[in-house]
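Engineer:
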Amino acid sequence: LRLFYIGGFPPHSSYLFLGDYVDRGKYSLETICLLLAYKIKYPDKVFLLRGNHEDAKINRVYGFYDECKRRFNIRLWKTFCDCFNCLPMAAVIDEKIFCMHGGLSPELENIYQIRDILRPTEIPDYGLLCDLLWSDPDSDVQGWGESDRGVSVTFGADKLVEFLERNDLDLICRAHQVMEDGYEFFAHRRLVTIFSAPNYCGEFDNVGALLSIDENLLCSFEILKADAPGSSDALVKIPKKVTFFSKLLYSEG
Numbered sequence: 234l235r236l237f238y239i240g241g242f243p244p245h246s247s248y249l250f251l252g253d254y255v256d257r258g259k260y261s262l263e264t265i266c267l268l269l270a271y272k273i274k275y276p277d278k279v280f281l282l283r284g285n286h287e288d289a290k291i292n293r294v295y296g297f298y299d300e301c302k303r304r305f306n307i308r309l310w311k312t313f314c315d316c317f318n319c320l321p322m323a324a325v326i327d328e329k330i331f332c333m334h335g336g337l338s339p340e341l342e343n344i345y346q347i348r349d350i351l352r353p354t355e356i357p358d359y360g361l362l363c364d365l366l367w368s369d370p371d372s373d374v375q376g377w378g379e380s381d382r383g384v385s386v387t388f389g390a391d392k393l394v395e396f397l398e399r400n401d402l403d404l405i406c407r408a409h410q411v412m413e414d415g416y417e418f419f420a421h422r423r424l425v426t427i428f429s430a431p432n433y434c435g436e437f438d439n440v441g442a443l444l445s446i447d448e449n450l451l452c453s454f455e456i457l458k459a460d461a462p463g464s465s466d467a468l469v470k471i472p473k474k475v476t477f478f479s480k481l482l483y484s485e486g
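Positions 234 to 486 (my numbering) are the ones given, in order, by the sequence shown.
1. For F317, report the span of its alpha helix (DSSP H) as first-last.
2. Inspect the beta-carbon positions of I405 and V425 and report whether they are closer than 9 Å.
3. Can you name, in chain order, every residue of its own chain whose Cβ lies under 8 Å from the Cβ of L393, other than the five neighbours on each side?
4. Using the C-alpha atoms, what's the distance from D391 back to Q375?
5. So, with DSSP's three-state summary, where would you put A420?
6. Does the separation of the CB atoms of P243 and Y260 fall below 9 Å?
7. Please report the residue range of the beta strand (DSSP E) in which L236 lies.
8. My understanding is that L282 touches L234, with C-beta atoms under 8 Å, so please give their C-beta distance in whole angstroms.
9. Determine the burial state of D327: buried for a count of at least 16 other Cβ atoms within 10 Å of its Cβ, exposed for fewer.
10. Take every Cβ of the segment 342-361, pair it with every Cβ of the segment 295-311, and state whether three or more of those distances are shorter than 8 Å.
As structure tokens, this is what we get:
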């Protein structure tokens with residue numbers, strides 16, 4: 234909720250969320266209910282992509298199942314899982330910025346393949362849908378590599394550039410990894426990883442980031458940190474702004 238105080242409340246601001254709304258936190262139910270309520274009220278202003286934790290196999294283990302069972306019942310958890318099975322896996326902003334939770338796949342040649350994924354669907358253990366939610370960029374890899382997660386793959390800068398050029402895209406925006414500074418670029422700023430939860434799980438002492446994109450595709454970050462050590466309950470803005478457009482970047486502050 235406090236992120237909206239910084240970025241603006243819908244419908245005055247539009248939002249694209251990149252997934253992982255549940256697990257590893259105290260307020261998964263409040264978080265997903267708020268986002269779904271905004272989606273219902275402002276369907277053209279709020280967009281929710283699916284993360285790897287919007288999967289019954291994962292959130293059965295990492296907290297959401299237990300939270301639903303403790304506070305309500307297992308039936309509610311199953312209802313949410315049915316909802317998660319309907320969420321989209323990717324989005325394109327103005328035909329130039331490709332967004333997903335995880336990353337690329339060896340099976341993904343063009344972005345229109347994603348339209349052929351039938352929903353509702355569960356997340357398979359391998360393949361295109363799995364990779365979109367699980368894969369990671371790796372600066373030490375050329376081509377495709379094995380993932381330390383034991384799921385999906387990693388991809389090098391060469392595969393990223395090939396994909397962007399083949400699909401006439403400028404940038405990939407994804408999540409899925411904790412970033413100490415809230416965001417991190419890859420492959421000469423052709424990909425950016427965004428992580429918006431500061432002090433993740435009370436363990437990482439990271440800041441969070443919001444990525445704002447204007448009508449000219451000028452992108453800027455708002456950097457957030459927890460208000461007090463060991464707390465993620467209150468957020469404050471850090472007076473630093475990074476702005477970039479396409480392949481150009483400069484820093485202010």
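By construction, the Cβ of each residue, glycine as well, lies at the ideal position given by its N, Cα and C atoms.
Structural biologist: Taking the definition as stated:
1. 307-317
2. yes
3. L337, P370, I405, F419, A420, R423, L424
4. 6 Å
5. coil
6. no
7. From DSSP, L236 is part of no beta strand (DSSP E) but of the alpha helix (DSSP H) over 235-240.
8. About 20 Å; that fails the 8 Å criterion.
9. D327 counts as exposed, since fewer than 16 other C-beta atoms from the protein chains shown sit within 10 angstroms of its C-beta.
10. No: the two stretches stay apart, fewer than three of their Cβ pairs being nearer than 8 Å.
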